[in-house]
Amino acid sequence: MQSSLYSQYLHLKHRQNQTSQTLWNGCGTLEKCQIGTRKYAIKISQVPDDLQHVNIQQTSFSLQRKIKSYVKEQHFYRHYASRLRDLCLLPQAIELHEINGRFITLLEDFEPLGFQNMSSVSTLHIKRVLDWLATFHANWLIEDEDISEFDIFGYGNYWHLDTRPDEYQKMPNSALKESAHKIDKTLKRIRYQTLIHGDAKLANFAFDDSRVIGYDFQHVGLGNGLSDVMLLFTTVLDSEQLETQCSELLDYYFSRLQQALMQKRSGIDFCDLQQQWQESWCFVWADFHRFLIGWRPDHPKINDYMRKQTAISLNQG
Ligand SMILES: Nc1ncnc2c1ncn2[C@@H]1O[C@H](COP(=O)(O)OP(=O)(O)O)[C@@H](O)[C@H]1O
Ligand SMILES: [Mg+2]
45 MQSSLYSQYL HLKHRQNQTS QTLWNGCGTL EKCQIGTRKY AIKISQVPDD LQHVNIQQTS
105 FSLQRKIKSY VKEQHFYRHY ASRLRDLCLL PQAIELHEIN GRFITLLEDF EPLGFQNMSS
165 VSTLHIKRVL DWLATFHANW LIEDEDISEF DIFGYGNYWH LDTRPDEYQK MPNSALKESA
225 HKIDKTLKRI RYQTLIHGDA KLANFAFDDS RVIGYDFQHV GLGNGLSDVM LLFTTVLDSE
285 QLETQCSELL DYYFSRLQQA LMQKRSGIDF CDLQQQWQES WCFVWADFHR FLIGWRPDHP
345 KINDYMRKQT AISLNQG
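Start counting at 1 in the sequence shown, then tack on 44, and there's your number in our numbering.
Here's what the structure looks like:
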């Protein structure tokens, strides 16, 4: 630890002008620093015992979920990230430490490399993220195979039903609440699963003139690639745009997924995969809708398009 970059950072901390930004809901900070000629972004996270949130009272269950998310992110950087080399961009993880419940994830800073966050994007940017997601999903796609390799992650994304008993309890009675377990089972039964990013919102990608880099791997796990696509869409398209642009963007995603699978010489029956995932589209939306209603029923992401997809899923049940 003595010679680690993190200890050098601690040493320099008091002398340099560091920039610091708070992580999700006060669970730590993102520190920027320069050591020698290189710039680093250090994600220092610790879940406080008394974590408070405006929308829901935190229970020990939700605290454990949050801690597990930092374990997952470090596991992903330690054992999985290198398998994406030359395929899709992510920050290089230089040091990973866990010291008394504090997770230190020391990454290269992507900003000096020319990447920056964007709060609104064009269709071209959306397609770049879809490219990134398709490549990511193709890399880990499995069909009815032994999924034990991914056991440590469990299911991905932060809203699937197993991880949200408190929000489920909070839901008022409704057809969606009654069907929540059925929807969850439908999604888990799909023959084709992969590792998903799990929190593929626009804020977790940064862009330069021609490329995109993805990060924040706290919710990686098994799942349906379209749940990443759905979450991305909720951050870049409003209800009307969803109505008019979804099908073209989904076609684009599937064409890139097919290409990425071909490059991997995958034996997967792509037509069957596409059909199964496309049929799951309404269930993917309904599943996220279920979470939002329990978490924050007036959430602006609940729009007509989401309600319509939920209605379609309930009609199929
Ligand atoms: N490697 C990095 N280089 C530069 N900035 C980063 C890097 N990693 C994260 N950030 C910035 O810090 C923010 C928070 O990091 P993130 O991993 O998304 O944690 P969380 O969303 O849980 O707070 C990101 O939105 C991004 O702006
Ligand atoms: Mg983030």
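We treat Cβ as the ideally placed atom computed from N, Cα and C, and that holds for glycine.
Problem - Whole-angstrom C-beta distance between E152 and P135, which should lie under 8 Å - result: Residue 135 sits at position 91 when you count from the first residue of the sequence shown. Residue 152 sits at position 108 when you count from the first residue of the sequence shown. Right, the Cβ-Cβ distance comes to about 5 Å (below 8 Å), so this counts as a contact.
Practice task
Starting from the Cα of Y212, find the closest Cα among Y202, N201, A219, A224 and give me that residue.
Solution key: Looking up residue 212 in the sequence shown gives position 168. Taking only the C-alpha atoms, the option nearest Y212 is A224.
Problem - Closer than 7 Å: D260 CB and nearest ligand 2 heavy atom - result: Reading the sequence shown from its first residue, position 216 is the one you call residue 260. At least one heavy atom of ligand 2 lies less than 7 Å from the C-beta of D260.
Problem - Any non-hydrogen atom of ligand 2 closer than 7 Å to A250 Cβ - result: Within the sequence shown, the letter at position 206 stands for residue 250. When distances are taken from the beta-carbon of A250 to the heavy atoms of ligand 2, even the shortest one reaches 7 Å or more.
Practice task
Mind checking who F298 pairs with in its DSSP beta bridge?
Solution key: Counting from one through the sequence shown, the residue named residue 298 turns up at place 254. Paired residues: none, contrary to the question.
Handout entry: Where the alpha helix (DSSP H) containing K57 begins and where it ends
Key = Translated into the one-based positions of the sequence shown, residue 57 becomes position 13. In the DSSP annotation of this structure, the continuous segment of the alpha helix (DSSP H) that includes K57 starts and ends at 49–57.
Practice task
Could you pull out every unbroken alpha helix (DSSP H) segment of at least 4 residues lying fully inside the region 150–202, listed in chain order?
Solution key: Runs found: 167–184.
Problem - Sequence-distant residues of the same chain with beta carbon closer than 6 Å to A330, five excluded per side - result: Numbered from its first residue, the sequence shown carries residue 330 at position 286. The beta carbon of A330 is closer than 6 Å to those of I227, T354, S357 in its chain, skipping five residues each way along the sequence.
Practice task
Using the Cα positions of W203 and T288, report the straight-line distance between them to the nearest angstrom.
Solution key: Here residue 203 is taken as the residue at index 159 of the sequence shown, counted from 1. Here residue 288 is taken as the residue at index 244 of the sequence shown, counted from 1. Going from the Cα of W203 to the Cα of T288 covers about 26 Å.
Practice task
Could you pull out every residue in the same chain whose Cβ sits closer than 8 Å to the Cβ of I196, ignoring the five residues on either side in sequence?
Solution key: As a position in the sequence shown, residue 196 is number 152, starting the count at 1. Within the same chain, K116, H119 come within 8 Å of I196 by CB-CB distance, once the 5 residues on both sides are set aside.
Problem - DSSP beta-bridge partners of K87 - result: Counted from its first residue, the sequence shown places residue 87 at position 43. Answer by DSSP bridge pairing, in chain order: L74, T149.
Practice task
To the nearest angstrom, report how far apart K112 and R146 are at their CA atoms.
Solution key: As a working mapping, residue 112 is identified with position 68 in the sequence shown. As a working mapping, residue 146 is identified with position 102 in the sequence shown. R146 has its alpha-carbon roughly 12 Å from the corresponding atom of K112.
Practice task
Kindly indicate the opening and closing residues of the alpha helix (DSSP H) around A330.
Solution key: As a working mapping, residue 330 is identified with position 286 in the sequence shown. 325–339 is the extent of the alpha helix (DSSP H) around A330.
Handout entry: Close-in-space but distant-in-sequence residues of the same chain around S218 (CB under 8 Å, 5 per side omitted)
Key = In the sequence shown, the residue the question calls residue 218 occupies position 174. For S218, where only same-chain residues beyond five positions count, the Cβ hits under 8 Å are I337.
Handout entry: Simplified DSSP assignment, three categories, for S218
Key = To locate residue 218, count along the sequence shown from 1; it is residue 174. If DSSP states are grouped into helix, strand and coil, S218 belongs with coil.
Problem - Contact between the region 182–194 and the region 244–255 (3+ Cβ pairs under 8 Å) - result: Taking a cut-off of 8 Å for Cβ pairs, the region 182–194 and the region 244–255 do not touch, as fewer than three such pairs fall below it.
Handout entry: Cβ distance (whole Å) where G269 is taken to contact N201 below 8 Å
Key = Here residue 269 refers to the residue found at position 225 of the sequence shown. Here residue 201 refers to the residue found at position 157 of the sequence shown. Rounded, the Cβ-Cβ distance is 11 Å, inconsistent with contact.
Handout entry: Distance CB(Y259)-CB(E139) smaller than 8 Å
Key = To locate residue 259, count along the sequence shown from 1; it is residue 215. To locate residue 139, count along the sequence shown from 1; it is residue 95. Between Y259 and E139, the CB-CB gap reaches or exceeds 8 Å.
Handout entry: Distance CB(F159)-CB(F261) smaller than 8 Å
Key = Taking the first residue of the sequence shown as 1, we reach residue 159 at position 115. Taking the first residue of the sequence shown as 1, we reach residue 261 at position 217. At the C-beta level, F159 and F261 stay beyond 8 Å of one another.
Problem - Rounded distance between the beta-carbons of H241 and L31, thought under 8 Å - result: Since the displayed the chain opens at 45 and closes at 361, residue 31 lies outside it and no answer follows.
Practice task
Starting from the C-beta of S324, find all residues in its chain whose C-beta is less than 8 Å away, skip the five residues before and the five after it, and write them out in chain order.
Solution key: Sequence index remark: in the sequence shown, residue 324 carries index 280 (1-based). Result list for S324: T230, L231, I234, N268, L270, in chain order.
Problem - N- and C-terminal bounds of the beta strand (DSSP E) containing T66 - result: The residue labelled residue 66 in the question sits at position 22 within the sequence shown. Counting along the chain, the unbroken beta strand (DSSP E) around T66 starts and ends at 63–66.
Exercise for the section: Determine the closest residue to L186 out of F314, D282, H333, D253, with distance taken between C-alpha atoms. Expected result: In the sequence shown, residue 186 corresponds to position 142, counting from 1. The sequence shown places Ile at residue 186, rather than the Leu named in the question. Nearest of F314, D282, H333, D253 to I186, Cα basis: F314.
Exercise for the section: On a CA-only basis, which of Q318, T81, V91, R334 is nearest L301? Give me that one, please. Expected result: As a first step, residue 301 is located in the sequence shown; it is residue number 257 there, counting from the start. Taking only the C-alpha atoms, the option nearest L301 is Q318.
Practice task
Check whether the Cβ of A247 sits closer than 7 Å to any heavy atom of ligand 2, and report yes or no.
Solution key: For this step, residue 247 is matched to residue 203 along the sequence shown. Yes, the beta carbon of A247 sits closer than 7 Å to at least one heavy atom of ligand 2.
Exercise for the section: Taking only the alpha-carbon atoms, compute the straight-line gap between F298 and I346 and give it to the nearest angstrom. Expected result: Position 254 of the sequence shown, counted from the start, is the residue given in the question as residue 298. Position 302 of the sequence shown, counted from the start, is the residue given in the question as residue 346. Straight across, the Cα-Cα distance linking F298 with I346 is about 25 Å.
Problem - Distance cut-off 7 Å: D153 Cβ against heavy atoms of ligand 1 - result: Locating residue 153 in the sequence shown gives position 109, where the first residue counts as 1. Checking the Cβ of D153 against ligand 1 gives yes.
Practice task
For K57, count neighbouring Cβ atoms within 10 angstroms of its own Cβ and tell me buried if that reaches 16, exposed if not.
Solution key: Within the sequence shown, numbered from 1, the residue matching residue 57 stands at position 13. With fewer than 16 other Cβ atoms within 10 Å, it is exposed.
Handout entry: Burial state of F105 (16 or more Cβ within 10 Å)
Key = Stepping through the sequence shown from its first residue, residue 105 is reached at position 61. Exposed, by the Cβ-count rule.
Exercise for the section: Take L293 as the anchor and find which of S126, K76, G80, K171 has the nearest alpha-carbon. Expected result: For the purposes of this step, residue 293 is identified with residue 249 of the sequence shown, where counting begins at 1. When C-alpha distances from L293 are compared across S126, K76, G80, K171, the shortest belongs to K171.
Exercise for the section: Output yes or no for whether 8 Å exceeds the beta carbon distance between Y236 and Q108. Expected result: Numbered from 1 along the sequence shown, position 192 holds the residue referred to as residue 236. Numbered from 1 along the sequence shown, position 64 holds the residue referred to as residue 108. Not in contact: Y236 and Q108 (Cβ atoms no closer than 8 Å).
Practice task
Could you name the residues of the same chain whose beta carbon sits closer than 6 Å to that of S283, not counting the 5 residues immediately before and after it, in chain order?
Solution key: In the sequence shown, the residue the question calls residue 283 occupies position 239. Its chain contains N347, D348, Y349 as the residues whose beta carbon lies nearer than 6 Å to that of S283, once the 5 sequence neighbours on both sides are disregarded; these appear in chain order.
Practice task
Could you tell me which residues DSSP puts in a beta bridge with L276?
Solution key: Numbered from its first residue, the sequence shown carries residue 276 at position 232. For L276, DSSP assigns no beta-bridge partner whatsoever.
Problem - I79, DSSP secondary structure in three states - result: One-based indexing of the sequence shown puts residue 79 at position 35. I79: strand per DSSP, three-state reduction.
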